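Following my numbering, the numbering of the sequence shown begins with 3 at its first residue and continues without gaps.
All C-beta atoms, glycine included, are put in the ideal place defined by N, C-alpha and C.
Every value quoted in this text rests on a predicted model; they were computed, and no experiment measured them.
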Amino acid sequence: MSASVPTRLPLDEGLPLLGIAAWSGTGKTTLLEALLPLLQERGLRVAVIKHAHHTFDVDQPGKDSHRLRRAGAAPMLVASRERLALMMETPGQEEPDLARLVALVATQEPDLVLVEGFKAWPLPKLELHRPALGKPLRVAEDPWVRAVASDAPLALPAGVEALDLNDREALADWIAAWPARWLDERAPRAEEATP
């Protein structure tokens, strides 16, 4: 973890968080794109926080919001009756502050916040794994991984659930059940109370 990552993320009992961790090329965004409508069908309002490893713009050069943000508006919020966007520059920040981002989305009162990326942050995670990519499993080094969804059978540590990466309905069911499990899942596996 970098110096900007706290050793403990405030895990509010009323705001369930679930990290989605995977190597690049595993299909995190494609899977989330398929799962979000299924979670909505199950009655969940789901917020997503996505980590980007590069500079990006959500407003277009020449548009008023872009011009005002570039002129120094901090933050710049643009809204219509159909959507709003909050944009701000974060110069000098090594990495985004996940705790701050969670606080921003918490104001919208989602039932669940899915966090894509931010793999070094201490929060419960669902790891996606495709052995064909030749990348190692993260679960052995990350006690925050609660389940691994894979397209092949895997040997997993005790207490880690195995899920089928290709069974989207089952994955949606598992994620939809997460808010009910949240109070008992807010610690890494090594810190869990033993019966």
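query	result
Let me make sure I understand the geometry here. Which of Pro133, Val48, Glu15, Asp186 has the alpha-carbon closest to that of serine 235?	Here the chain has residues from 3 to 197 only, and residue 235 is not among them.
Using only the alpha-carbon positions, how far apart do leucine 173 and leucine 165 sit?	7 Å
Anyone know if the C-beta pair for valine 48 and leucine 128 falls short of 7 Å?	no
Tell me, please, which residues DSSP counts as bridged to aspartate 166.	Ser152
Please name the residue in Asp153, Val147, Ala182 whose C-alpha comes closest to that of arginine 191.	Val147
Are there three or more Cβ pairs, one per stretch, closer than 8 Å when the stretch 13-23 is compared with the stretch 118-128?	yes
Give the straight-line distance between the Cα atoms of glycine 16 and glutamate 187, rounded to the nearest whole angstrom.	13 Å
Roughly how many angstroms separate the alpha carbons of leucine 106 and proline 93, rounded to a whole number?	19 Å
Curious, which full-length beta strand (DSSP E) runs of at least 3 residues does the stretch 58-145 contain?	78-81, 86-89, 114-118, 127-131
Classify leucine 116: buried if its beta carbon has 16 or more other beta carbons within 10 angstroms, exposed otherwise.	buried
Between the C-alpha atoms of alanine 151 and glycine 64, what's the straight-line distance to the nearest angstrom?	43 Å
Pull up the distance between the alpha-carbon of proline 12 and that of valine 104, whole angstroms please.	9 Å
Which value, in whole angstroms, describes the spacing of the CA atoms of proline 155 and leucine 167?	10 Å
Within its chain, find whatever has a CB closer than 7 Å to the CB of leucine 135; leave out the 5 residues flanking it on each side and keep chain order.	Trp25, Gly27, Thr28
Please list the terminal residues of the continuous beta strand (DSSP E) segment that includes alanine 23.	19-23
Mark glycine 119 as exposed unless 16 or more other C-beta atoms lie within 10 angstroms of its C-beta, in which case mark it buried.	buried
Can you give me the C-alpha to C-alpha distance between aspartate 14 and alanine 87, rounded to a whole angstrom?	25 Å
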